[in-house]
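Colleague: Residue numbers (the working numbering): 115 to 406.
Glycine included, C-beta positions come from ideal geometry on N, C-alpha and C.
A single structure is presented below for examination.
Structure (structure tokens):
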């Protein structure tokens with residue numbers, strides 16, 4: 115059975131930050147018939163014009179206008195800019211508006227929401243679609259980006275269950291698989307399975323780029339290097355913000371990773387083939403058993 119439509123509840127949706135995620139949401143919401151009108155706000159006029167030309171948004175507006183006219187406000191900016199957005203929209207929030215975000219960290223965003231919105235934090239429902247990509251900007255948006263993708267919703271104690279359900283229904287109507295968890299659990303999990311991999315990918319690319327023979331290495335790099343470093347093409351601004359926002363959890367994962375690297379290094383230094391193969395075997399078995 116299809117989830118109930120949210121069109122009658124959110125006739126106008128405002129997207130703050132019309133990039134890969136924001137633009138894809140605009141396309142998907144309109145295709146699914148879940149909204150009648152999409153307003154867009156962003157930093158770059160040329161990107162917003164592309165979003166409008168591609169049908170991701172209907173009208174380019176300023177932030178106060180978006181906040182006044184939108185029934186659902188979707189914040190799709192780098193997490194460090196979220197507080198600024200909350201501050202700008204706060205004066206225009208009546209009790210019927212809802213707000214969601216799509217940030218990759220949740221504890222910091224929740225803290226900003228509680229600080230800025232006060233009692234109206236009940237209208238904010240934190241979300242995180244696991245549907246990004248190495249490309250960014252409106253031109254990278256896809257109407258089917260959320261189909262069969264996981265969406266994390268991290269409800270607040272202040273949220274009304276009915277509103278959380280409305281947001282869940284909306285994501286499901288876009289074809290997504292919704293998972294509910296706390297903001298704290300979210301940040302610990304994604305430090306390991308998302309944030310750390312991005313940092314490692316950036317680090318390897320930086321290592322090769324800084325080498326004296328970097329050009330030759332890039333010329334001869336194959337599919338393995340291409341796959342491992344694909345996510346190093348992601349937005350540096352976004353990942354700078356994520357790394358600092360969730361640094362405690364990321365540093366814990368990074369320490370554990372460095373410990374394993376040190377063990378592998380020691381095994382190689384001592385020609386300990388047994389230890390090296392054992393580590394590789396555990397990793398290989400785990401990868402093959404994982405159905406990601």
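#1: Below 8 Å, how does it come out for the region 274 to 282 and the region 225 to 242: are there three or more Cβ pairs, yes or no?
#2: What three-state label does DSSP hand residue 369 in the structure shown?
#3: Suppose contacts are defined by Cβ-Cβ distances below 8 Å. Is residue 200 in contact with residue 180 by that definition?
#4: With a threshold of 8 Å, are at least 3 pairs of Cβ atoms found where one atom belongs to the region 149 to 165 and the other to the region 176 to 190?
#5: Would residue 399 be called buried (16 or more neighbouring beta carbons within 10 Å of its own) or exposed?
#6: So, helix, strand or coil for residue 267, using DSSP?
#7: Can you check the region 272 to 356 for any beta strand (DSSP E) of at least 3 residues that lies completely inside it and give the ranges in chain order?
#8: Pick out the complete alpha helix (DSSP H) segments inside the region 171 to 244, 4 residues or longer, and give them in chain order.
#9: Please classify residue 159 as buried or exposed, where buried requires at least 16 other C-beta atoms within 10 Å of its C-beta.
#10: Pop quiz: residue 254 and residue 134 are said to be a contact at Cβ under 8 Å. What is the actual Cβ separation, rounded to whole angstroms?
#11: Can you look up residue 151 in the DSSP assignment and give me helix, strand or coil?
#12: Would you kindly work out how many angstroms separate the C-alpha atoms of residue 370 and residue 146, rounded to a whole number?
#13: Are the beta-carbon atoms belonging to residue 349 and residue 312 less than 8 Å from one another?
#14: By DSSP, does residue 158 sit in helix, in strand, or in coil?
#15: Just reading off the beta strand (DSSP E) that residue 140 is part of, what are its end residues?
#16: Return the chain-ordered list of same chain residues with a C-beta closer than 7 Å to the C-beta of residue 343, the five sequence neighbours on each side being excluded.
#17: Indicate the three-state DSSP secondary structure (helix, strand or coil) for residue 121 in the structure shown.
#18: Determine the direct distance from the alpha carbon of residue 358 to that of residue 195, and round the result to whole angstroms.
#19: Can you look up residue 129 in the DSSP assignment and give me helix, strand or coil?
#20: Restricting to Cα atoms, I'd like to know which of 263, 235, 157, 267 is closest to residue 291.
#21: May I ask you to report which of helix, strand or coil DSSP gives residue 164?
#22: Thinking C-alpha only, which one of 235, 303, 257, 202 is nearest residue 288?
#23: Would the beta-carbon of residue 130 fall within 8 Å of that of residue 177?
Modeller: A quick look at the data gives this:
#1: Yes, the region 274 to 282 touches the region 225 to 242.
#2: For the purposes of this step, residue 369 is taken as the residue at position 255 of the chain shown. Looking at residue 369 - three-state DSSP - the assignment turns out to be helix.
#3: Locating residue 200 in the chain shown gives position 86, where the first residue counts as 1. Locating residue 180 in the chain shown gives position 66, where the first residue counts as 1. No.
#4: Enough Cβ pairs lie closer than 8 Å, so yes.
#5: In the chain shown, the residue the question calls residue 399 occupies position 285. An exposed status is given to residue 399, since fewer than 16 other beta-carbon atoms sit within 10 Å of its beta-carbon.
#6: For the purposes of this step, residue 267 is taken as residue 153 along the chain shown, with counting starting at 1. Looking at residue 267 - three-state DSSP - the assignment turns out to be strand.
#7: Whole beta strand (DSSP E) segments, 3+ residues: 291 to 294.
#8: The qualifying runs are 177 to 183, 196 to 203, 221 to 231.
#9: In the chain shown, residue 159 corresponds to position 45, counting from 1. Exposed, because fewer than 16 other Cβ atoms sit within 10 Å of the Cβ of residue 159.
#10: Along the chain shown, one-based indexing puts residue 254 at 140. Along the chain shown, one-based indexing puts residue 134 at 20. Contact holds; Cβ gap of about 5 Å.
#11: Within the chain shown, the letter at position 37 stands for residue 151. It is a strand residue.
#12: Here the question's residue 370 lines up with position 256 in the chain shown. Here the question's residue 146 lines up with position 32 in the chain shown. Their Cα atoms are separated by approximately 43 Å.
#13: Indexing the chain shown from 1 puts residue 349 at position 235. Indexing the chain shown from 1 puts residue 312 at position 198. Note that the C-beta distance between residue 349 and residue 312 is not below 8 Å.
#14: Your numbering for residue 158 matches position 44 in the chain shown. DSSP, reduced to helix, strand and coil, places residue 158 outside both helices and strands of the structure shown, so it counts as coil.
#15: Locating residue 140 in the chain shown gives position 26, counting from the first residue. Premise fails: residue 140 lies in the alpha helix (DSSP H), 134 to 145, not in any beta strand (DSSP E).
#16: The residue given as residue 343 occupies position 229 in the chain shown. Around residue 343, the same chain offers 315, 318, 319 as residues with beta carbons nearer than 7 Å, after the five sequence neighbours per side are excluded.
#17: Indexing the chain shown from 1 puts residue 121 at position 7. Residue placement at residue 121 is flagged as unreliable, the pLDDT there being 47, under the threshold of 50; a coordinate-derived value is accordingly withheld.
#18: Working through the chain shown from its first residue, we reach residue 195 at position 81. Working through the chain shown from its first residue, we reach residue 358 at position 244. Separation of residue 195 and residue 358 (C-alpha to C-alpha, rounded to the nearest whole angstrom) is 13 Å.
#19: Translated into positions along the chain shown, residue 129 becomes position 15. Taken through DSSP and simplified to helix, strand or coil, residue 129 comes out as strand.
#20: In the chain shown, counting from the first residue as 1, residue 291 sits at position 177. Per the C-alpha coordinates, the member of 263, 235, 157, 267 positioned closest to residue 291 is 263.
#21: Reading the chain shown from its first residue, position 50 is the one you call residue 164. Reduced to three states, the DSSP call for residue 164 is helix.
#22: Residue 288 sits at position 174 when you count from the first residue of the chain shown. Of 235, 303, 257, 202, the residue nearest in Cα terms is 257.
#23: Here the question's residue 130 lines up with position 16 in the chain shown. Here the question's residue 177 lines up with position 63 in the chain shown. A distance below 8 Å separates the beta carbons of residue 130 and residue 177.
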